[in-house]
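Residue numbers (the working numbering): 900 to 1244.
What follows is a single structure, written as structure tokens, with notes after it.
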Amino acid sequence: MAYFEKIKKFGVNGFVPEGWYWLMRSDEVKRGKAYPAKFLTIDLVLYRGEDDQVRAFDAHCPHMGAHLCDGFVEGNSIRCPFHFWKYDELGKCSEIPAQKEIGNMPGLKSHKVREAYGLIWLWTGHEEDTEQVPVVPELVGIPLDSKLGSNFVKNCHPNVVMINAIDIQHFRSVHQLIVDLDMKVTPLTDRCIQFSNITPMPEKNAILKFAKKFYKSALTYEMTYWWGHTGSVMVGPDFLHFYIIFALRPTLDGKTEGQTILVTKKRKGLMGLLVNPILLFATKLVGDYFAKGDTIIFTRINFKYQTPIRADKAIIDFVEHYERQNEATKYSQFQAVPKKETVNS
């Protein structure tokens, strides 16, 4: 049996694991207005109430199906644009202008959202099982500055994009990295897995011997994955680490929509005003460097993992981690639209 025949979830359109998925930028949702959003087959309406909290509901009014993005935000409630039915901050029908009695009229189905890093995130798991939006492990509990980096679309499943960061073979071939990485795997929780390089900086020439002075032990490269669609990378010398979060989501046609998030420790006073923008810009350059060489690969890849080898150990660990993830049942089982074939001219 080929290895890929054992895979039931990894890289499979129609399976969506529980977790946080980015929806849209926070600054796109202004107070007092309603906005349309979509996650796979689910149409949503988002709005920011007078309390500055963002709320998300199924987009269509239960009465006759009008889209609520054309409605009116009143306080923390939303009113349908068609017959002016009003729904409160929990989605309960609170007013029907044509009659006094409301009775057991159906309300709006709510979706849990949270804001972090300048993005609005959608939780696809059980309501009572909410976890925090992913944070770089080294930065847990530390005040942060962040900035949105590049957004992108890749012509493959999010899982394929994610394994790229732990594919030690391609660091040599595509990026021509002169260090042979050796990834140590550490499961942090059932939903979070970490890969850390344990290979010391080589001393092949004078430049590398000098660079080694800034690394106490191994060359710093640490990838942390939540569920299988959001990851963070930590790189850099011991005195200065760079942090990037990659937030990915699947599309109906089997592609990946991604958003990079640049993160650094919050610094007070003049140091923060002057240094942090420079650090965040440098972080963007680091991310762009590694993303550049992979672009053409993702344009034409037809992923099917058939022949794993010893060098793929980190990838195999990630595949097995993903195979254990719980399904977000209300968002899964969509029928992916076949991707158009790329025609070479």
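For glycine and all other residues, C-beta sits at the position ideal for the given N, C-alpha and C.
Candidates the options, of which the one nearest residue i by Cα
{"i": "Cys960", "options": "Gly1171, Trp984, Val1060", "result": "Trp984"}
{"i": "Tyr1230", "options": "Tyr986, Leu1021, Lys1165", "result": "Leu1021"}
{"i": "Asn1058", "options": "Phe1217, Arg1223, Asn1225", "result": "Phe1217"}
{"i": "Pro996", "options": "Leu989, Phe981, Pro1005", "result": "Phe981"}
{"i": "Val1035", "options": "Tyr1188, Val1134, Asn1050, Lys1154", "result": "Val1134"}
{"i": "Lys1165", "options": "Leu1151, Lys1154, Tyr1142", "result": "Tyr1142"}
{"i": "Ala955", "options": "Glu1000, Lys907, Leu945, His962", "result": "Leu945"}
{"i": "Val1052", "options": "Tyr1016, Leu1151, Asp957", "result": "Leu1151"}
C-alpha gap between residue i and residue j, whole angstroms
{"i": "Leu1080", "j": "Ala965", "result": "55 Å"}
{"i": "Ala1227", "j": "Val915", "result": "6 Å"}
{"i": "Val1084", "j": "Leu1038", "result": "19 Å"}
{"i": "Gly1024", "j": "Val1162", "result": "26 Å"}
{"i": "Ser1009", "j": "Glu1026", "result": "10 Å"}
{"i": "Trp919", "j": "Lys991", "result": "25 Å"}
{"i": "Gln998", "j": "Tyr986", "result": "15 Å"}
{"i": "Val1168", "j": "Leu1179", "result": "The residue you asked about is not Val; residue 1168 is Gly in the sequence shown. Roughly 17 Å separates the two Cα atoms."}
{"i": "Phe971", "j": "Ala933", "result": "7 Å"}
{"i": "Arg1096", "j": "Ala1064", "result": "A small correction: the amino acid at residue 1096 is Asn; Arg does not occupy that position in the sequence shown. Roughly 12 Å between the two C-alpha positions."}
{"i": "Asp942", "j": "Arg1209", "result": "44 Å"}
{"i": "Pro1176", "j": "Asp1089", "result": "35 Å"}
{"i": "Ile1195", "j": "Met923", "result": "26 Å"}
{"i": "Gly974", "j": "Leu1047", "result": "29 Å"}
{"i": "Asp1211", "j": "Asn1054", "result": "22 Å"}
{"i": "Gly1186", "j": "Ser1049", "result": "9 Å"}
{"i": "Gln1205", "j": "Ile1001", "result": "59 Å"}
{"i": "Trp921", "j": "Phe909", "result": "20 Å"}
{"i": "Glu1121", "j": "Asp969", "result": "45 Å"}
{"i": "Tyr1221", "j": "Asn912", "result": "14 Å"}
{"i": "Glu949", "j": "Lys1203", "result": "49 Å"}
Three-way DSSP call (helix, strand, coil) for residue i in this model
{"i": "Pro996", "result": "coil"}
{"i": "Pro1036", "result": "helix"}
{"i": "Tyr1016", "result": "coil"}
{"i": "Asn1201", "result": "coil"}
{"i": "Ile1062", "result": "helix"}
{"i": "Ala936", "result": "strand"}
{"i": "Ile1249", "result": "There is simply no residue 1249 to check, as the chain begins at 900 and stops at 1244 in what is shown."}
{"i": "Thr1150", "result": "coil"}
{"i": "Lys1165", "result": "coil"}
{"i": "Thr1241", "result": "In this prediction, Thr1241 scores a pLDDT of 48, lower than 50, which makes its location untrustworthy; the coordinate-derived value is nonetheless stated afterwards. Residue state, collapsed to three classes: coil."}
{"i": "Phe909", "result": "coil"}
{"i": "Asn1175", "result": "helix"}
{"i": "Val1218", "result": "helix"}
Where residue i falls, given that 16 or more other Cβ within 10 Å makes a residue buried
{"i": "Met1262", "result": "Limits of the chain in this structure are 900 at one end and 1244 at the other, which puts residue 1262 out of reach."}
{"i": "Val1012", "result": "buried"}
{"i": "Ile1144", "result": "buried"}
{"i": "Leu939", "result": "buried"}
{"i": "Gln1158", "result": "buried"}
{"i": "Leu1184", "result": "exposed"}
{"i": "Ser1045", "result": "buried"}
{"i": "Pro1149", "result": "buried"}
{"i": "Arg930", "result": "exposed"}
{"i": "Gly1130", "result": "buried"}
Proximity test, Cβ basis, 8 Å: residue i and chain B
{"i": "Ile941", "result": "No chain B is present in this structure, which holds just one protein chain."}
8 Å contact criterion, which residue i and residue j should meet: CB distance rounded
{"i": "Thr1198", "j": "Val1060", "result": "Actually they are not in contact, since the Cβ atoms of Thr1198 and Val1060 sit about 12 Å apart, beyond 8 Å."}
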